[in-house]
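Enquirer:
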Amino acid sequence: MIILDFNLARMNKQKIWEENIRTLGIAMSFLILAILIGTAGFMFLNEAYTFVDALYMTVITITTVGFTEVHPLSDTGKLFTIFLIFVSFGIFGYLASAITRFILDGVFRRNLKDYRTVRSIEKLSGHVIVCGFGRNGKQACLELIAHGENVVVVDSEESSIDNVRLIPELLFVQGDATQEEVLSLANISSAKALITAIPNDAENVYVVLTAREMNATIKIISRSEKSQSDNKLKRAGANNVIMPDRLGGQQMAKLVAQPDVVEFLDNILLQSTKGVKLEEVSCCELANCFVGKSIRELNVRDKSGANIIGLKDEGGAYVYNPSPEIVLDKSFHLFVLGNKEQVYNLKQLLVEGV
62 MIILDFNLAR MNKQKIWEEN IRTLGIAMSF LILAILIGTA GFMFLNEAYT
112 FVDALYMTVI TITTVGFTEV HPLSDTGKLF TIFLIFVSFG IFGYLASAIT
162 RFILDGVFRR NLKDYRTVRS IEKLSGHVIV CGFGRNGKQA CLELIAHGEN
212 VVVVDSEESS IDNVRLIPEL LFVQGDATQE EVLSLANISS AKALITAIPN
262 DAENVYVVLT AREMNATIKI ISRSEKSQSD NKLKRAGANN VIMPDRLGGQ
312 QMAKLVAQPD VVEFLDNILL QSTKGVKLEE VSCCELANCF VGKSIRELNV
362 RDKSGANIIG LKDEGGAYVY NPSPEIVLDK SFHLFVLGNK EQVYNLKQLL
412 VEGV
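Sequential numbering from 62 applies to the sequence shown in the numbering used here.
(1) Using 8 Å as the cut-off, can you tell me whether the region 244-253 makes contact with the region 179-187, which would need three or more C-beta pairs spanning the two stretches below that distance?
(2) Taking the Cβ atom as the reference point for each residue, do valine 342 and leucine 411 lie within a distance shorter than 9 Å?
(3) For the ligand PLP, I want to know if cysteine 192 counts as a neighbour, meaning its beta carbon is within less than 8 Å of at least one of the ligand's heavy atoms.
(4) By a C-beta neighbour count over all protein chains shown, 10 Å radius and 16 as the cutoff for buried, is phenylalanine 112 buried or exposed?
(5) Are leucine 398 and alanine 367 closer than 9 Å when you measure CB to CB?
(6) List, from N- to C-terminal side, the alpha helix (DSSP H) runs of 4 residues or more that fit wholly inside the region 174-260.
(7) Contact defined as beta carbons within less than 8 Å: I believe isoleucine 282 pairs with isoleucine 303. What is the distance between those atoms, to the nearest angstrom?
(8) Which whole runs of the alpha helix (DSSP H) in the region 111-159 are 4 residues long or more, in chain order?
(9) Between which residues of its own chain and isoleucine 98 is the CB-CB distance below 7 Å, once the five residues before and five after are set aside?
(10) Could you give the DSSP three-state label for glutamate 6: helix, strand or coil?
(11) By Cβ distance, which residues of its chain are closer than 6 Å to threonine 119, with the 5 residues on each side in sequence left out?
(12) For alanine 297, which residues of its own chain have a beta-carbon under 6 Å away from its beta-carbon, when the five flanking residues on both sides are left out?
(13) Under the rule that 16 or more other beta-carbon atoms within 10 Å means buried, what is asparagine 276, buried or exposed?
(14) Note the first and the last residue of the continuous alpha helix (DSSP H) segment covering serine 290.
(15) So, under 8 Å CB-CB, isoleucine 87 and threonine 122 are touching, yes? Tell me the CB distance rounded to an integer number of Å.
(16) Which residue comes first and which comes last in the alpha helix (DSSP H) that contains leucine 407?
(17) Where do the N-terminal and C-terminal ends of the alpha helix (DSSP H) with leucine 270 fall, by residue?
(18) Taking the beta strand (DSSP E) that leucine 372 falls in, what are its first and last residues?
(19) Among the candidates Val126, Tyr110, Gly151, Leu156, whose CA atom is the shortest distance from the CA of threonine 84?
(20) Can you name the start and end residues of the beta strand (DSSP E) that serine 283 belongs to?
(21) Do valine 352 and aspartate 390 have their C-beta atoms closer together than 9 Å?
This is the structure we're talking about:
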């Protein structure tokens with residue numbers, strides 16, 4: 062799990078930005094002041110100098126280009142010129158430092174990072190797009206990262222994108238997720254799933270409609286604030302609709318009625334990367350030697366160490382704790398419980414038949 066203090070990070074970033082602007086402003090003020098003093102000094106020391114002549118002399122002096130004087134200088138004028146040259150060295154050094162710091166800490170570095178982000182997104186395949194980086198969207202991203210998924214965040218708010226930048230594992234696109242151009246930048250054509258966690262149900266409907274039109278096979282999960290929006294989102298193309306308030310209430314009630322069961326399942330589902338995991342395994346590549354054979358004949362437990370605790374048949378029906386006599390089919394999806402190595406062994410067993 063990734064835990065970050067977003068507010069503190071944002072305050073530090075804003076502080077650095079304001080400090081760079083202030084430093085650059087001070088440096089520019091010194092430069093302007095040096096030009097004004099130089100111009101006034103040349104006009105005061107030599108009456109032959111017009112304003113333009115004095116300004117010209119000041120500029121060629123502080124830039125040390127070495128052009129000839131407009132009018133001959135007295136000894137006092139020469140000393141003043143030497144003073145102006147030494148002062149200008151310090152001012153230009155300070156200004157160069159301020160500009161460099163501003164570029165490296167500011168726009169240039171950010172634009173370079175954004176360009177690299179776009180290039181990285183173009184190369185992705187099988188990634189997950191999360192629209193909206195609020196509380197629900199952020200939590201979804203952190204869980205997906207913990208499970209090793211590549212995640213692209215889409216959000217139109219600058220403050221949200223600033224928070225996304227704080228998590229190196231996340232890629233992002235800043236823009237309106239209801240627009241095709243924005244989803245194209247998120248490489249939706251190659252994505253395997255899209256989660257829309259925008260607080261506004263109407264916007265979620267538009268996102269689902271747009272995403273389904275652009276990728277007919279993508280799995281879409283949408284957040285819904287109102288129960289009336291459930292059917293609309295599903296008609297628009299969402300595979301699943303989640304209501305955070307309802308889920309929260311159910312979770313709290315179950316913690317009262319069945320606390321140990323809830324914690325047991327949470328340990329499996331939310332901490333699967335640390336040990337045991339519950340995973341869906343497709344039988345689409347089932348070895349020919351297992352077609353028409355029963356689960357008992359597969360001998361899963363002895364050969365892989367994993368357990369089949371459920372399955373989804375060709376009609377989409379779920380079977381819990383399936384009987385060992387159920388005959389396997391390539392349309393089945395198995396729900397397997399085991400550690401990473403055991404699940405891998407089972408997948409190899411299904412495909413290779415050994």
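Here a beta-carbon is modelled for each residue, glycine too, at the ideal position from N, C-alpha and C.
Expert: Looking at the coordinates:
(1) With the cut-off at 8 Å, the region 244-253 and the region 179-187 touch.
(2) Indexing the sequence shown from 1 puts residue 342 at position 281. Indexing the sequence shown from 1 puts residue 411 at position 350. Result yes, Cβ atoms of valine 342 and leucine 411 sit closer than 9 Å.
(3) Because no ligand of any kind appears in the structure shown, any question about the ligand PLP cannot be addressed here.
(4) Taking the sequence shown and counting its residues from 1, the one referred to as residue 112 is at position 51. By the 10 Å Cβ count, phenylalanine 112 comes out exposed.
(5) Here residue 398 corresponds to residue number 337 of the sequence shown, with the count starting at 1. Here residue 367 corresponds to residue number 306 of the sequence shown, with the count starting at 1. Yes, these two residues count as a Cβ contact at 9 Å.
(6) The alpha helix (DSSP H) runs of length 4 or more contained entirely in the region 174-260 are, from start to end of the chain, 196-207, 219-226, 241-246.
(7) Stepping through the sequence shown from its first residue, residue 282 is reached at position 221. Stepping through the sequence shown from its first residue, residue 303 is reached at position 242. Contact holds; Cβ gap of about 6 Å.
(8) As far as the region 111-159 is concerned, its whole alpha helix (DSSP H) runs of at least 4 residues are 112-123.
(9) Taking the sequence shown and counting its residues from 1, one reaches residue 98 at position 37. Closer than 7 Å at the Cβ level, and outside the excluded window around isoleucine 98, lies no residue.
(10) In this structure the chain extends from 62 to 415, so residue 6 is not present and cannot be described.
(11) Position 58 of the sequence shown, counting from 1, holds the residue named residue 119. Excluding sequence neighbours, threonine 119 sits near Ile96, Gly99, Thr100.
(12) In the sequence shown, counting from the first residue as 1, residue 297 sits at position 236. Cβ neighbours of alanine 297 within its own chain (closer than 6 Å, five residues either side excluded): Val266, Val269, Leu270.
(13) Here residue 276 refers to the residue found at position 215 of the sequence shown. By the beta-carbon neighbour count (other beta carbons within 10 angstroms, threshold 16), asparagine 276 is buried.
(14) Position 229 of the sequence shown, counting from 1, holds the residue named residue 290. From DSSP, the alpha helix (DSSP H) with serine 290 extends over 290-297.
(15) Taking the sequence shown and counting its residues from 1, one reaches residue 87 at position 26. Taking the sequence shown and counting its residues from 1, one reaches residue 122 at position 61. Not confirmed; about 22 Å, so no contact.
(16) Here the question's residue 407 lines up with position 346 in the sequence shown. Note, leucine 407: alpha helix (DSSP H), 401-413.
(17) Against the sequence shown, residue 270 aligns to sequence position 209. Taken as a continuous stretch (DSSP letters only), the alpha helix (DSSP H) holding leucine 270 covers 262-275.
(18) Reading the sequence shown from its first residue, position 311 is the one you call residue 372. Run containing leucine 372: 368-373, per the beta strand (DSSP E) assignment.
(19) On the sequence shown, position 23 is the one that residue 84 refers to. The shortest C-alpha separation from threonine 84 is found at Leu156.
(20) Stepping through the sequence shown from its first residue, residue 283 is reached at position 222. For serine 283, the uninterrupted beta strand (DSSP E) segment begins and ends at 280-284.
(21) The sequence position of residue 352 within the sequence shown is 291, counting from 1. The sequence position of residue 390 within the sequence shown is 329, counting from 1. Yes, these two residues count as a Cβ contact at 9 Å.
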